Amino acid sequence: MSKRLLCVYTVLVAVVATIALGACSGRYDGYRRFEGSVWATTFHITYKSDRMLDDSIHAVMMEVERSLSPFSDSSLITAINSNRTDITDTLVRRILLTSQHINKVSGGAFDPTVAPLVNLWGFGYRNGTGEPSKQAIDSALTLVGISRCSLKNGRIIKGVPEMEFNFSAITKGYGADLVGEMLRRNGCTDYMVEIGGEMALSGKNPRGEDWHVMIDAPVDTDTAKALHERMAVLHITDAGVATSGNYRNFRDTSHGRVGHTINPVTGYPVRTSTLSATVIAPDAMTADALATACMAMPVDSALRMIESYAGASAMIVSAAEGGGWKMHVTSGFPEIHR
Numbered sequence: 245m246s247k248r249l250l251c252v253y254t255v256l257v258a259v260v261a262t263i264a265l266g267a268c269s270g271r272y273d274g275y276r277r278f279e280g281s282v283w284a285t286t287f288h289i290t291y292k293s294d295r296m297l298d299d300s301i302h303a304v305m306m307e308v309e310r311s312l313s314p315f316s317d318s319s320l321i322t323a324i325n326s327n328r329t330d331i332t333d334t335l336v337r338r339i340l341l342t343s344q345h346i347n348k349v350s351g352g353a354f355d356p357t358v359a360p361l362v363n364l365w366g367f368g369y370r371n372g373t374g375e376p377s378k379q380a381i382d383s384a385l386t387l388v389g390i391s392r393c394s395l396k397n398g399r400i401i402k403g404v405p406e407m408e409f410n411f412s413a414i415t416k417g418y419g420a421d422l423v424g425e426m427l428r429r430n431g432c433t434d435y436m437v438e439i440g441g442e443m444a445l446s447g448k449n450p451r452g453e454d455w456h457v458m459i460d461a462p463v464d465t466d467t468a469k470a471l472h473e474r475m476a477v478l479h480i481t482d483a484g485v486a487t488s489g490n491y492r493n494f495r496d497t498s499h500g501r502v503g504h505t506i507n508p509v510t511g512y513p514v515r516t517s518t519l520s521a522t523v524i525a526p527d528a529m530t531a532d533a534l535a536t537a538c539m540a541m542p543v544d545s546a547l548r549m550i551e552s553y554a555g556a557s558a559m560i561v562s563a564a565e566g567g568g569w570k571m572h573v574t575s576g577f578p579e580i581h582r
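Okay, so the sequence shown: first residue is 245 according to the numbering used here, each after it adds one.
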């Protein structure tokens with residue numbers, strides 16, 4: 245397994261399904277637990293089945309890597325990025341079309357072709373200085389614009405040949421969906437698939453309840469551990485869940501601290517009061533993309549986008565004056581438990 249897999253330029257708040265299971269892999273009252281590392285992050289999967297499907301889960305994850313990992317020289321997306329091929333597979337086509345849709349509804353805030361800029365700012369799959377010049381930024385901006393891409397007879401047509409795709413801000417959610425689809429094909433309707441914080445949920449947990457999802461407070465990892473900070477617990481099922489935040493993935497520059505979310509329009513790191521965005525949507529891929537888009541938008545604009553998106557709801561956390569944070573919740577968002 246590759247050590248360098250999918251770049252995470254939307255780092256997620258820790259989201260953990262709280263269920264009555266032990267920490268070890270195994271079977272519990274008909275439920276099985278499988279956990280480990282993939283794509284430079286961790287995964288935790290619980291599913292109810294009379295047979296072990298861990299090998300099939302692993303096979304799905306490796307299929308995603310072979311198709312979508314910009315860190316693998318042998319992946320399909322790397323071959324597309326380097327213009328060695330323009331032929332797509334089912335995974336690339338599906339994630340491209342979804343990305344174009346979210347790009348449109350977000351007014352361009354979500355755009356996986358922002359990869360060259362993410363690299364320049366030192367958060368991507370190529371090491372940048374972290375302090376690019378305006379000239380370098382302006383040059384990279386000419387390569388951004390997923391709306392300029394299209395598919396024809398299974399082939400991808402780029403807006404410009406030098407354009408590159410980094411679908412990392414949507415791939416973990418997509419991977420969770422694909423694992424869930426495989427479980428359903430094998431008769432499993434009760435499962436929790438969590439990959440790097442992105443979740444695909446279905447059916448009931450071992451207690452016969454909706455899955456309990458804990459959302460961490462928007463503080464750095466050490467502070468969260470010290471304070472045991474949790475912001476909310478949600479009871480959710482039959483949906484995808486994703487949480488994005490800037491406060492655990494940033495770098496300090498001579499011009500101050502910058503977060504990893506890059507504005508595809510300006511080419512600069514986003515500066516808003518938004519600390520995190522938790523999105524619930526019909527599938528994890530959509531939730532993942534929408535959460536990323538929310539981080540690149542003003543709070544009011546993000547809330548309007550989610551309110552207008554069928555089947556989606558969100559909780560956006562922004563910095564409060566004088567310290568701390570405040571929550572902004574859209575209609576349809578589940579009851580928040582403390």
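C-beta atoms are modelled at their ideal positions from N, C-alpha and C, and glycine is treated no differently. Keep in mind that this is a model prediction, so the values were computed, not measured.
Near the ligand MN: residue i beta-carbon under 8 Å from a heavy atom
i, result
"Leu534", "Of the ligands one can find in the structure shown there are none, so the ligand MN has no counterpart to examine."
Alpha-carbon spacing of residue i relative to residue j, whole angstroms
i, j, result
"Gly274", "Ser281", "24 Å"
"Val437", "Pro526", "14 Å"
"Gly352", "Ile390", "9 Å"
"Gly441", "His479", "16 Å"
"Ser383", "Thr357", "13 Å"
"Ile459", "Met475", "6 Å"
"Thr386", "Phe411", "19 Å"
"Ser313", "Met529", "16 Å"
"Ile331", "Gly567", "50 Å"
"Ala461", "Met559", "12 Å"
"Thr516", "Ser488", "14 Å"
Cutoff 9 Å: residue i Cβ touching any chain C Cβ
i, result
"His572", "Absent from the structure is chain C; it holds one protein chain and no more."
Minimum C-alpha distance to residue i - residue among the options
i, options, result
"Val349", "Ala533, Val388, Asn449 and Ile524", "Ala533"
"Pro450", "Ile289, Tyr418 and Leu340", "Ile289"
"Leu340", "Arg428, Ile401 and Ala564", "Ile401"
"Ile506", "Lys448, Glu375 and Asp299", "Glu375"
"Thr522", "Arg515, Ala528 and Ala535", "Ala535"
"Lys292", "Met529, Ser575, Lys448 and Ala420", "Lys448"
"Glu565", "His456, Ser552 and Thr518", "Thr518"
"Asn363", "Lys396, Leu335, Phe409 and Pro405", "Phe409"
"Arg392", "Gly398, Asp454, Ile346 and Val404", "Val404"
"Asp333", "Asn325, Thr342 and Ile321", "Ile321"
"Gly453", "Met443, Asp434 and Arg515", "For the record, residue 453 in the displayed sequence is Glu; it is not Gly. For the residues Met443, Asp434 and Arg515, the minimum Cα distance to Glu453 belongs to Asp434."
"Ile550", "Ser575, Ala486 and Ala540", "Ser575"
Contacting residues, own chain, Cβ-Cβ under 8 Å from residue i (five flanking each side not counted)
i, result
"Pro578", "Leu478, His479, Ile480, Ile524 and Ser557"
Residue environment, residue i, which counts as buried when at least 16 other CB atoms sit within 10 Å
i, result
"Phe327", "A small correction: the amino acid at residue 327 is Asn; Phe does not occupy that position in the sequence shown. Exposed, because fewer than 16 other Cβ atoms sit within 10 Å of the Cβ of Asn327."
"Lys570", "exposed"
"Tyr544", "Just to set this straight, residue 544 is Asp in the shown sequence, not Tyr. Burial call: exposed."
"Asp421", "buried"
"Asp355", "buried"
"Arg582", "exposed"
Proximal residues to residue i (C-beta, below 6 Å), its chain only, five neighbours per side dropped
i, result
"Val423", "Ile301, Val304 and Val437"
Quick one: complete alpha helix (DSSP H) runs, 4+ long, within the region 347 to 408?
359 to 364 and 378 to 385
Curious, which full-length beta strand (DSSP E) runs of at least 3 residues does the region 270 to 297 contain?
270 to 272, 275 to 282 and 285 to 292
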